[in-house]
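Single-structure report; data block below.
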Amino acid sequence: MSFQSAHLSDALVEPTKHFVDSIFPAALGTLGQLVKIPGIAWDSFDAQELERSASAVKAELDALDFFDFVEIRRAPKPSGEMGAPAVIARRAGKANAPHVLLYAHHDVQPPGDEGLWNTKPFEATLVGERLFGRGASDDKAGIITHLYSLKALVALAEEVNIGVSVFIEGEEEAGSESFQNFLHENKADLEADLIVVADSGNWSTETPALTTSLRGMVSQVLTVRTLDHALHSGMFGGPLPDAMTAMIKLLSTLNDAEGSVAIKGLKSVAVAGPDFSDDEFRALAGLMPGVERIGTKSLTQQIWGEPAVTVIGIDAPTVALSSNTAQPSVSAKISLRLAPNQDPAEGLRVLQDHLREHVPFGAELILGATESGPGYLAKEGWAANLAREAFSACWPNKSVDIGIGGSIPFIAQFAELFPAAEIVVTGVEDPDSRAHSPNESQHLPTLGRAITAQALILLHGNQLVR
């Protein structure tokens, strides 16, 4: 349901900033406690820690004494196995007021090689303006944003009119396999006029952002076979079309001479927003001296609005185990990012058509497992404009719109099930948060601003009527 929204009231800004400043030490303490729980939704990790993580989030929501109910729920994956524990809460609002759904996730990525961390991954460590620890930014800081913006709403609103649901997922980092079933089973408790997804990032620590586009993705495992058995590379080499040579030639057709994607039938969409220089990209990406970027369009256009293809794995003998042997078959996995407006089924079809057309030497091509996820293009509405004003009021610089080169398929699932809702994708990360990597951290001034901005959105929304 759309609401006619006036501009954000200046009278709300300073009291909200002051209140969030007063509760921020408590917010930091809660974040530190959540970071200590290694809730990882992968089968190879202790499932009890994931249960402990969900219980800790439930306890924090219960302590608000705000919701009609707070529960831990599960839904089945497509396989029938039950998914990870998620936390759901709901407070009914007045009939003519907006209902807001706040989303984040409590599961985290595995720590990886702990030798690459400067601090212990599951001990929250304060260094300067950053709190280090796995999940400190992605996405336990998102949970903190929801919790403490609700505290501000309760403290500063004369009367709470809006309805609020909270959904804290427990398997986002493991692929959200039960997500769609969870949405359908809990549709009545999750349905909202506005969905705030706190799982993205900002342009910088000084410039906030709304994420208005996400690329889709498909992946394809393929095998190239040229021989029915391995051969001595010296005895047969020369006329022999070995599988490794065939695979290298096939993969080389995915990009043209300038590095642009060369797969016919892929779409692009023009994107707006800030850009950055080649030097900034070099530093951010860690390009080695002398290595140049590929492609011909602006960096943000390439990363947000254009397709991108990456070979992310090859099954072949390692150098350490190699011998003078021509390989009969070689497998690879291709990851193809799609423009936000391209259907993944179409993207997969044109990728497969390209592979069939370009496989060399008459080699046998076997197409194996695939994965896919849709992109996302935000629709403009009252909430996006309100969010831009709230973010601009809290950061040193005005809010900008950004895209993300990666994919968050569940956002499209929200849009599909709740077509009337407006979705606003926000976040607490910045370019140096290092989510998924060693030394993940949360920039604390950014977290405080995110809490304040979301509190302003809730307080302003609390004054709206249909």
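For the sequence shown, the working numbering gives the first residue as 40, with consecutive numbering after it.
Glycine is no exception: its CB is placed at the ideal position from the N, C-alpha and C atoms.
All figures in this text were calculated on a predicted structure; none of them were measured in a lab.
Chain B beta carbons: is any one of them nearer than 8 Å to that of residue i?
| i | result |
| --- | --- |
| L261 | Any reference to chain B falls outside this structure, which holds one protein chain only. |
What are the start and end residues of the alpha helix (DSSP H) that includes residue i?
| i | result |
| --- | --- |
| G68 | 49–74 |
| L506 | Because the chain spans 40 through 505 in this model, residue 506 falls outside it and cannot be assessed. |
| G445 | Neither: G445 is in no alpha helix (DSSP H) and is coded neither H nor E. |
| L425 | 421–433 |
Please look up how many angstroms separate the CB atoms of residue i and residue j, rounded, as I've assumed it's under 8 Å.
| i | j | result |
| --- | --- | --- |
| S374 | T349 | 5 Å |
| V439 | A309 | With a Cβ gap of about 16 Å, V439 and A309 do not count as contacting. |
| I302 | L390 | 6 Å |
| T485 | A426 | No, T485 and A426 are not in contact; Cβ-Cβ is about 15 Å, not under 8 Å. |
| I183 | V96 | Not a contact, Cβ separation roughly 10 Å. |
Starting from residue i, follow the beta strand (DSSP E) in both directions and report where the run begins and ends.
| i | result |
| --- | --- |
| S480 | 480–482 |
| H393 | Here H393 belongs to no beta strand (DSSP E); instead the alpha helix (DSSP H) covers 383–397. |
| D354 | 347–354 |
| V369 | 368–377 |
| V467 | 461–468 |
| L360 | Element bounds for L360: n/a, residue is neither H nor E. |
| G414 | Where G414 is concerned, there is no enclosing beta strand (DSSP E), given that its DSSP letter is neither H nor E. |
Starting from the Cα of residue i, find the closest Cα among the options and give me that residue.
| i | options | result |
| --- | --- | --- |
| H144 | V126, L155, G352 | V126 |
| I234 | P477, L266, H185, E212 | H185 |
| L498 | V199, G119, K75 | V199 |
| E479 | S176, N135, T465, G466 | S176 |
| A150 | V463, F161, A489 | Correcting the residue identity first, residue 150 is Pro in this sequence and not Ala. If we check each option's Cα against that of P150, F161 comes out closest. |
| F449 | E120, I441, E212, P54 | E212 |
| D146 | R91, S118, P328 | R91 |
| W434 | S411, A489, G445 | A489 |
| H475 | G500, I79, G167 | I79 |
| T158 | V74, L266, H393, I496 | V74 |
| V263 | H57, L486, P367 | P367 |
| Q493 | Y187, R376, E468 | Y187 |
| Y142 | T55, G154, A180, M121 | A180 |
| V109 | A93, L47, T250, A408 | A93 |
| A163 | D152, I76, E224 | I76 |
| Q259 | G386, V504, L89 | G386 |
| L293 | H393, A191, V139 | H393 |
| Q340 | A378, G325, N241, S362 | A378 |
| L189 | L503, Q502, V504, L495 | L495 |
Any chance the CB of residue i is under 7 Å from a heavy atom of the ligand ATP?
| i | result |
| --- | --- |
| A324 | Among the ligands in the structure shown, none appear at all, so the ligand ATP cannot be discussed. |
What residue ranges within the region 247–335 form continuous beta strand (DSSP E) runs of no fewer than 3 residues, ordered along the chain? 248–253, 255–264
Can you find at least 3 beta carbon pairs, one from the region 64–84 and one from the region 156–176, that sit closer than 8 Å? yes
Stretch pair the region 406–426 + the region 241–259: three plus CB contacts closer than 8 Å: yes
Mind pulling the alpha helix (DSSP H) runs of 4 or more residues that sit fully within the region 167–247? 179–195, 218–224, 226–229
Any contact of the region 107–118 with the region 213–221, i.e. 3+ C-beta pairs under 8 Å? yes
Between the region 265–276 and the region 471–491, can you find at least three pairs of beta-carbon atoms closer than 8 Å? no
Could you tell me which whole beta strand (DSSP E) segments of length 3 or greater appear in the region 93–170? 108–112, 125–130, 138–144, 164–166
Should the region 416–433 be regarded as contacting the region 461–470, the criterion being three or more beta carbon pairs within less than 8 Å? A contact exists between the region 416–433 and the region 461–470.
Cβ contact check for the region 311–319 and the region 278–289: 3 or more pairs under 8 Å: no
Counting pairs of Cβ atoms below 8 Å between the region 224–239 and the region 393–401, do you hit three or more? no
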